[in-house]
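Note sheet for the following structure.
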Amino acid sequence: MASALIVGGLAPAALAQDVAKGEQVFNTQCKACHTLQRGGATTMGPNLYRIMGRRSGTGQGYGYSEVMRRFALEWDDKTLAAYLRDPRADMPGTKMVFAGIKQPGQMADVIAYLREATK
1202 MASALIVGGL
1212 APAALAQDVA
1222 KGEQVFNTQC
1232 KACHTLQRGG
1242 ATTMGPNLYR
1252 IMGRRSGTGQ
1262 GYGYSEVMRR
1272 FALEWDDKTL
1282 AAYLRDPRAD
1292 MPGTKMVFAG
1302 IKQPGQMADV
1312 IAYLREATK
């Protein structure tokens, strides 16, 4: 029983987040619509600088959907994962036309990258 608990406790380490891989995911799946730099451009989607801890629909310079503003959730690892898995299912009425990230490893990596790159 104790060994099962130890092994179970190690499971998250097996899914360690890789910031470099997250950058690759961002560059191939997100960068066409989003920038990350302070004062960066708003393109098809909002600039994601300091996304972590920010309320949905509140970034500067982007015309957010009513649903994004109304949800007013705080972006963190959990809320980003739910949204990025399937944006239209998580927040019906969102303007985001992204199909979602389906692979858990990629999700963990891109969130780790966003956490670091948008400080």
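If you count the sequence shown from 1, position 32 lands on 1233 in my numbering, and the numbers rise without skipping. All residues carry an ideal CB built from backbone N, CA and C; glycine is no exception. Just so we're clear, the structure is a prediction, and the values are computed from it rather than from any experiment.
(message) For a test of the three-state rule: what should DSSP assign to Arg-1251, helix, strand or coil?
(response) coil
(message) Check for me: the alpha helix (DSSP H) holding Phe-1227 runs from which residue to which?
(response) 1220-1230
(request) Could you check the C-alpha separation between Phe-1299 and Arg-1286 for me, to the nearest Å? (result) 9 Å
(request) Out of Pro-1293, Leu-1281, Asp-1291, Asn-1228, point me to the one whose CA is closest to Met-1309's CA. (result) Here residue 1309 is Ala; the residue named in the question, Met, does not match the sequence. Nearest of Pro-1293, Leu-1281, Asp-1291, Asn-1228 to Ala-1309, Cα basis: Leu-1281.
(message) Restricting to Cα atoms, I'd like to know which of Arg-1271, Pro-1247, Ile-1302 is closest to Gln-1328.
(response) Because the chain here runs from 1202 to 1320, residue 1328 falls outside it and cannot be looked at.
(request) Return the bridge partner residues of Glu-1275 from the DSSP annotation. (result) According to DSSP, residue pairing for Glu-1275 in a beta bridge involves Arg-1256.
(message) Within the continuous alpha helix (DSSP H) that includes Arg-1239, where are the two ends?
(response) Under the DSSP assignment, Arg-1239 falls outside any alpha helix (DSSP H); it carries neither an H nor an E label.
(request) Identify which residue in Gly-1240, Gln-1304, Asp-1278 has its Cα closest to the Cα of Gly-1260. (result) Gly-1240
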